[in-house]
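With the working numbering, the residue at position 33 of the sequence shown is 874, and numbering never jumps.
The beta carbon of each residue, even a glycine, is placed where N, CA and C say it ideally should be.
Fair warning: this is a prediction, and the values are worked out from it, not measured in the lab.
Here the structure comes first, spelled out in structure tokens, and everything after it is commentary.
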Amino acid sequence: MKLKLVAFAVAAAAASAVSAQTANVTLYGVLDTYVESARVSGGAATAVRGSTLRMSAGGLSGSRWGLRGSESLGGGMNAIFTLEGGFGSDTGALGQSNFNAANGPVIGRLFGRRAFVGLSGGFGQVTLGRDYAPNFWVQCNSDDSFGGCLTSWSFVGNAMTGFANSLRQDNQLSYKTPNMGGLTSQVAWAFGESSVGTSAGRTFGMNVEYKAGPLYLGAGYSDQKNPAGTASNKQTLIGATYNAGVVYVGGTYAQHKTDTGGKVKALAASGTVPMGASRLGLQFGQAKSGSAKARSLAFIAENDLSKRTTVYGAVAQIKNDGLAVGTGGATPAGLGQTGRSLAVGLRHRF
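Below is the structure:
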């Protein structure tokens, strides 16, 4: 009996050793929480105004936790997966809420940020599941000056409504080419899963990106059909960054045509100066649709306490003109209003 147990233990250890050589799983995450003093003024006589002191999540990066892994299949091919959930580190509530036409709002998803499985190799990468749309990567790579995608969006906020068309897509089948001298491209199709027809609710997206040393250039396109499949929300965008060492600059421009005939033009730009373990940055955003225009400006400073922990502060303002209703991060500026905020926060990665 003892010999059998020893043999079983040896076999289990050997199997574990083989598995460890071919597969790996990583637990990771970000907690980003800040305290903000916000003030809203102006607008119609009936508009809500005043000051608020609150705690919020996601100042520089959205709070999240996740699992990612891969398994070697031989011949240079790997099976890959990622499960990533967002949450409010100020309350613990699940993030990435959804809206269901039949049941109304669904608050929070367990893995609302990413949930996909795929294959990668010399041919590129194929993934299936919920993941970022191709346009997201152009936006992300055009604004990563503070170590997180779309950092300026956190404070210039939803003035960037022209960058809509869902940063993430459910039921997405995606293919990304291998790197060809700095050039890559991604094509994705998100199934609408509608009984109305195959095109109802579906989303098609693609991008082309180029990275060479300090330079990044990107362009993306998205076509999202409405639930009836009769019209589309179409988005075209371009982005670029350049890291000169003493200064980092980046920007994104987008045009968004809605299924109701509307058009939004949006711009986001950033400049960052590194100073040892610290960085200072200026962020600007603008969205315009007809006579309505929302403009945001933010000054951000951060300091690394370690490789994984950063303390930061920001001063931001958003101004809505005409019928614009942009919001600056968590600052709820409404129709024709101006919102100002002062925030101090802490971000930790693991």
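**V958, DSSP secondary structure in three states** = Looking up residue 958 in the sequence shown gives position 117. DSSP places V958 in strand when its eight states are reduced to three.
**Message:** Along the chain, where does the alpha helix (DSSP H) containing F980 start, and where does it finish?
**Reply:** Start at 1 with the first residue of the sequence shown, and residue 980 comes out as number 139. Checking the sequence shown, residue 980 turns out to be Gln, not Phe. Q980 -> alpha helix (DSSP H) spans 975 to 982.
**Request:** Tell me whether S1073 is buried or exposed, calling it buried when 16 or more other Cβ atoms sit within 10 Å of its Cβ.
**Result:** Looking up residue 1073 in the sequence shown gives position 232. Classification of S1073: buried, given that the 10 Å Cβ count is 16 or more.
**Request:** Taking only the alpha-carbon atoms, compute the straight-line gap between G1131 and V1105 and give it to the nearest angstrom.
**Result:** Along the sequence shown, read from residue 1 onward, the residue named residue 1131 stands at position 290. Along the sequence shown, read from residue 1 onward, the residue named residue 1105 stands at position 264. The alpha-carbon atoms of G1131 and V1105 are separated by roughly 8 Å.
**Prompt:** To which residues of the same chain is L868 closer than 7 Å at the C-beta, ignoring the five residues directly before and after it?
**Reply:** On the sequence shown, position 27 is the one that residue 868 refers to. Around L868: L908.
**Message:** For K1160 and F1125, I'd like the C-alpha separation in whole angstroms.
**Reply:** In the sequence shown, the residue the question calls residue 1160 occupies position 319. In the sequence shown, the residue the question calls residue 1125 occupies position 284. Spanning the two alpha carbons is a distance of roughly 12 Å.
**Item:** Unbroken beta strand (DSSP E) run spanning A985, endpoints
**Value:** Position 144 of the sequence shown, counted from the first residue, corresponds to residue 985. Checking the sequence, you will find Asp at residue 985 rather than Ala. Looking at the DSSP string, D985 is not in any beta strand (DSSP E), and its letter there is neither H nor E.
**Prompt:** Should the region 1034 to 1048 be regarded as contacting the region 959 to 972, the criterion being three or more beta carbon pairs within less than 8 Å?
**Reply:** no
**Prompt:** Which runs of the alpha helix (DSSP H), 4 residues or longer, sit entirely within the region 1109 to 1183?
**Reply:** none
**Prompt:** Buried or exposed: K1148, going by 16 or more other Cβ atoms within 10 Å of its Cβ?
**Reply:** Along the sequence shown, read from residue 1 onward, the residue named residue 1148 stands at position 307. Classification for K1148: exposed.
**Request:** Could you check the C-alpha separation between Y1062 and A1069 for me, to the nearest Å?
**Result:** Numbered from 1 along the sequence shown, position 221 holds the residue referred to as residue 1062. Numbered from 1 along the sequence shown, position 228 holds the residue referred to as residue 1069. Using only the alpha carbons, I get a separation of about 21 Å.
**Message:** If the criterion is Cβ atoms closer than 7 Å, does the pair A1029 and G1046 meet it?
**Reply:** What you label residue 1029 is simply residue 188 of the sequence shown in a count that begins at 1. What you label residue 1046 is simply residue 205 of the sequence shown in a count that begins at 1. It is a contact, given that the beta carbons lie within the stated cut-off.
**Item:** Candidates G891, M896, S892, R880: closest to A1185 by CA position
**Value:** As a first step, residue 1185 is located in the sequence shown; it is residue number 344 there, counting from the start. The question names Ala, yet the displayed sequence has Val at residue 1185. Among G891, M896, S892, R880, the Cα nearest to that of V1185 is on M896.
**Asked** Rounded to the nearest angstrom, how far is the Cβ of N982 from that of E1050, given a contact under 8 Å?
**Response** Here residue 982 refers to the residue found at position 141 when the sequence shown is read from its first residue. Here residue 1050 refers to the residue found at position 209 when the sequence shown is read from its first residue. With 8 Å as the limit, N982 and E1050 qualify as a contact, their Cβ atoms being about 7 Å apart.
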